[in-house]
Amino acid sequence: MRKNFDEKLNELNEYLIEMGSLVEKAINLTTEALINQSVKLADEAIGCDRDIDDLEKEIENICLNLLLLHQPLARDLRVISATLKMITDMERIGDQCSDISEIIKILASESYIKDIEHIPQMAYATATMVNDSIEAYVNRDLALAYKVMEFDNEVDRLFLQIKQDLTDIIHTNPDHIGQAIDLLMIAKYFERIGDHAENIAEWVEFSITGNHKRG
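For the sequence shown, the working numbering begins at 763 and goes up steadily by one.
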């Protein structure tokens, strides 16, 4: 019985890694679409969101089967409940990549009003956070989970810089207000993605220690 349960947990880990890879791919596609003003890449990122939704449902089914058909120990219950929380955050990241991509498609025919280098920096940082948080979960690496939590401060710092730059543009050149607001929305979505990646790391901590930072 335990052997079958452990096999299902391993299957769960494999699906979670796959979902994490898809989320990272969605972030990277969205970022490249932003940099290159590419409608094609934006559409690919939107397609990733649909695949992420499908994987979320698959993982939910595995978790529910583990709960209903087996008698998990307290440690196993933490792992399963943390997984359910983590995939919710990953699904929301996919949604936010899709939302960003829809804005990018609107901006594709315009020249940018400013250098957008800080937004891709935010995006790549969040992709790394997602990857590291999943790695921390699979390897039960608490130190790496804490590193992810701390790195969210850098994403927040970049967002505040972008917000200030765009606010200055709005004040000095009202003609650019429309695009400035769109770029600020994109930056805010990436800032939220960073928050979700931090959430994932906090659920990793819970799965290992039984403690949750926000608890």
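Note that the Cβ used here is the ideal one computed from N, Cα and C, for glycine as well.
With a 10 Å radius around the Cβ and a threshold of 16 neighbouring Cβ atoms, residue 873 comes out exposed. Taking residue 819 as reference, the option from 849, 953, 967 with the minimal CA-CA separation is 849.
CA-to-CA, the gap between residue 775 and residue 900 works out to about 7 angstroms. For residue 942 and residue 921, the gap between their C-alpha atoms comes out near 14 angstroms. Taking every protein chain shown into account, the CB of residue 947 has fewer than 16 other CB atoms within 10 angstroms, so this residue is exposed.
Per DSSP, reduced to three states, the secondary structure at residue 876 is coil, with no helix or strand assignment.
For residue 801, the closest C-alpha among the options 868, 787, 852, 837 is that of 868. For the region 862–945, the continuous alpha helix (DSSP H) assignments of 4+ residues that do not extend past its boundaries occur at 880–901, 904–934, in sequence order. Between residue 880 and residue 923 a beta carbon distance of about 6 angstroms is seen, short of the 8 angstroms cut, so the two are scored as contacting. Sequence-distant partners of residue 939 (beyond 5 residues in either direction) whose C-beta falls short of 6 angstroms from its own C-beta, in its chain, are 932.
At the C-beta level, residue 958 and residue 842 stay beyond 8 angstroms of one another. Nearest neighbour of residue 838 by Cα position, chosen from 953, 960, 770, 889, turns out to be 770.
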